[in-house]
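Student: For the sequence shown, this note's numbering assigns the number 5 to the initial residue and increments by one for each residue that follows.
The beta-carbon is built from N, C-alpha and C at its ideal position, and this holds for glycine as well.
Have a look at the structure that comes next, please.
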Amino acid sequence: MEELVIRDADVVDGSGDHSYRADVVVDGGRIVSVVKEAADAGCQRPKARRELDAEGLVLAPGFIDMHAHSDLALLRDPDHSAKAAQGVTLEVLGQDGLSYAPVDDRTLGEVRRAIAGWNGPGDDIDFDWRSVGEYLDRLDRGIAVNAAYLIPQGTVRALVVGWEDRAATPAELDRMRRLVAEGMEQGAVGMSSGLTYTPGMYARGAELTELCRVVASYGGYYCPHHRSYGAGALEAYEEMVALTREADCPLHLAHATMNFGVNKGRAPALLSLLDDALDAGADISLDTYPYTPGCTTLVALLPSWASEGGPEETLRRLADEETAERVRHHLEVTGSDGCHGVPVEWETIEISGVGDPALSGYVGRTVLESARERGGSPWTVARELLLKDRLAPTILQHVGHEENVRAIMRHRVHTGGSDGILQGAKPHPRAYGTFPHYLGHYVRELGVLSLEECVAHLTARPAARLRLPDRGLVREGYRADLVLFDPAAVAAGSTFAEPRTLPTGIPYVLVDGRFVIEDGRRTDVLAGRAVRRTPR
């Protein structure tokens with residue numbers, strides 16, 4: 005007899021088609037049968053060792069977070085309710101061009117310092133891997149939800165070229181190609197870039213094109229955080245489209261937004277650009293989070309020249325009065341490349357987390373507010389924070405536009421991604437709320453998407469981008485990564501004031517047919533594993 009039958013569920017199967025009532029039978033980690041309208045037809049109903057009454061609940065495929073920053077959190081926190089409680093059953097890690105494989109001892113230390121604001125310093129982690137394959141093997145020891153990995157182009161460049169702003173030599177480019185090929189062979193699903201973060205931003209287009217050719221040869225995709233989401237945003241999108249067309253590599257645009265005052269109401273221009281490319285045969289998808297503020301590190305706002313050479317060189321420059329004044333001028337007057345070519349507006353920069361608890365008084369305040377409280381300039385506050393906290397502060401950047409958010413989420417190639425940074429005392433609520441916020445706010449309350457459309461955006465579309473033949477749909481033979489939610493009650497509990505509050509209306513989540521959320525509570529099940537690239 006099979007393990008489980010989910011009885012009388014309203015199945016929204018991920019295809020975008022209308023829902024239907026069914027009994028769904030699960031055994032051995034897979035869906036073994038879907039019996040539609042069993043009760044109404046009077047047919048023999050399936051039986052199993054356990055029956056779950058799903059009356060009034062929607063059964064959907066587990067949600068796929070196409071842009072996650074849980075690279076260390078999955079190892080540090082077996083509970084991982086931040087994602088499991090949202091119905092997320094698969095996360096894509098290695099984002100924005102910086103993560104922890106492939107590395108050597110030097111590069112690992114540099115990367116740990118550079119992205120401590122994203123993932124913490126990692127002092128509680130046993131970094132017993134160096135290659136992509138070894139990291140995926142580490143995930144296979146047991147994690148809360150499944151995870152796929154993108155090769156981080158910035159980390160690859162740091163390993164081969166270092167943190168200098170220069171073109172790679174032919175020999176260095178050959179080595180980077182080999183590292184990308186090795187990562188793909190070991191199971192990565194593609195490659196990411198952070199082209200407003202050092203050292204990935206130092207790569208010219210020709211270098212990125214060559215690496216994308218390697219990714220494409222293994223059936224992977226390129227996921228860039230491109231060169232600007234502010235001034236020059238459309239040109240930055242155009243560069244990524246043209247580059248990947250030349251490399252014949254699928255393109256997935258990370259957190260595809262149009263931010264800052266210069267882009268208010270300009271989402272239609274982006275969507276027109278993408279539609280033209282799609283109609284011409286380009287393979288493009290994108291992800292977004294359903295909020296207007298962004299989230300990054302404070303050091304990321306600096307001009308790229310200030311970060312050349314790595315974190316220690318950045319701190320040295322900030323400590324020098326003359327150099328620090330140059331940094332201020334670029335930030336406040338010129339508009340630094342780290343701030344997307346737009347002069348920084350300190351009233352939009354809210355400190356969301358610090359590494360040193362002694363600096364916690366800055367958290368939850370904008371840089372401008374802290375400057376007024378302390379009687380100094382905003383730059384003095386920002387500089388002091390960066391130096392005292394050794395580049396660790398994270399920020400919320402209140403620069404988005406609701407009309408752009410809604411327009412982009414309606415697009416035919418849209419998927420969901422939280423971009424959730426789990427560090428800091430006051431993280432962005434998207435880390436804990438992205439998926440229920442889509443379902444509760446944008447589907448039920450606003451009607452921006454139908455329920456069936458939204459579920460397809462969060463399940464089947466991302467599974468197709470990841471080339472996963474047995475995930476993303478409620479179908480016989482598919483993996484039993486499933487979520488059951490109450491469509492009348494599902495909502496994000498997280499807010500900007502209380503960002504770690506868990507969602508409501510999601511009582512059951514299964515990973516590999518095992519309950520990780522049961523009766524609304526986290527179980528002790530660690531059914532997640534590394535999801536490796538499917539060979540062509």
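1) Compute the Euclidean distance between the alpha carbons of F489 and V515, then round it to the nearest angstrom.
2) Report the option in L453, T384, A152 and L112 whose CA atom is closest to the CA atom of P315.
3) If distances are taken between C-alpha atoms only, which option among G18, V28 and S74 comes closest to G424?
4) Go through the region 286-343 residue by residue and report every complete run of the alpha helix (DSSP H) that reaches 4 residues or more, in order.
5) Hey, out of L506, T463 and E242, whose CA is closest to A260's CA?
6) Taking C-beta to C-beta, are G98 and S196 nearer than 8 Å?
7) With which residues is R34 paired in a DSSP beta bridge?
8) Could you check whether A13 and A58 sit closer than 8 Å to each other, using their CB atoms as the reference points?
9) At 3 residues or longer, and completely inside the region 212-283: list those beta strand (DSSP E) runs for me, N to C.
10) Starting from the Cα of L78, find the closest Cα among A396, G124 and V38 and give me that residue.
11) Let me know if A148 comes out buried or exposed under the rule of 16 or more other beta-carbons within 10 Å of its beta-carbon.
12) Is Q99 helix, strand or coil by DSSP?
13) Three or more C-beta pairs closer than 8 Å, one from the region 389-396 and one from the region 232-252: is that the case here?
14) Looking only at DSSP bridge pairs, what is S197 linked to?
15) So, helix, strand or coil for K40, using DSSP?
16) Count the other C-beta atoms from every protein chain shown that fall within 10 angstroms of the C-beta of H333, then say buried if there are 16 or more, exposed otherwise.
17) Rounded to a whole number of angstroms, what is the C-alpha to C-alpha distance between D27 and E114?
18) Considering only the alpha carbon of each residue, which of I521, Q157, A429 and E214 lies closest to W122?
19) Going by DSSP, what residue range makes up the beta strand (DSSP E) through P466?
20) Just to confirm my understanding: we take S232, look at its own chain, exclude 5 residues before and 5 after, and list those with CB closer than 8 Å. What are they?
21) With DSSP run on the structure shown, which of helix, strand or coil describes D132?
22) Is E406 close to chain E? Criterion is C-beta to C-beta, closer than 8 Å.
23) Look at the alpha carbon of D287 and the alpha carbon of S374, and state the distance between them as a whole number of angstroms.
24) Any contact between the region 431-443 and the region 498-518? By contact I mean 3 or more CB pairs, one from each, below 8 Å.
25) Taking the straight line between their C-alpha atoms, what separation do you get for A271 and K51?
26) Measuring only the C-alpha atoms, how far is L183 from T159?
27) Within this structure, are the beta carbons of N263 and G476 separated by less than 8 Å?
28) Does DSSP put Q157 in a helix, in a strand, or in coil?
29) Find out if the Cβ-Cβ distance for the pair P65, L486 is shorter than 8 Å.
30) With 16 as the cutoff for other CB atoms within 10 Å, does A362 come out buried or exposed?
31) Just to confirm the assignment, what range does the alpha helix (DSSP H) spanning F409 have?
32) Between the alpha carbons of L305 and L426, how many angstroms are there, rounded?
33) Assuming P65 is part of the alpha helix (DSSP H), what are its boundary residues?
Tutor: This is what the structure gives:
1) 15 Å
2) It is L112 whose Cα lies nearest to the Cα of P315.
3) S74
4) 308-311, 315-323 and 325-333
5) E242
6) yes
7) D31 and R483
8) yes
9) 225-229 and 255-257
10) G124
11) buried
12) helix
13) no
14) P228
15) strand
16) The residue in question, H333, is exposed, as its Cβ has fewer than 16 Cβ neighbours within 10 Å.
17) 52 Å
18) Per the Cα distances, A429.
19) P466 -> not in any beta strand (DSSP E); alpha helix (DSSP H) instead, spanning A464 to R469.
20) Within the same chain, S232 has close Cβ partners T200, E239, A240, D341, H344 and G345.
21) When DSSP states are grouped into helix, strand and coil, D132 belongs to the coil group.
22) No chain E appears in the structure shown, which is made up of a single protein chain.
23) 46 Å
24) Enough Cβ pairs lie closer than 8 Å, so yes.
25) 50 Å
26) 11 Å
27) no
28) Helix.
29) yes
30) exposed
31) Before going further, note that residue 409 is Val rather than Phe in the sequence given. That run of the alpha helix (DSSP H) goes E406 to M413.
32) 20 Å
33) Run containing P65: none in the alpha helix (DSSP H); it sits in the beta strand (DSSP E), V62 to P65.
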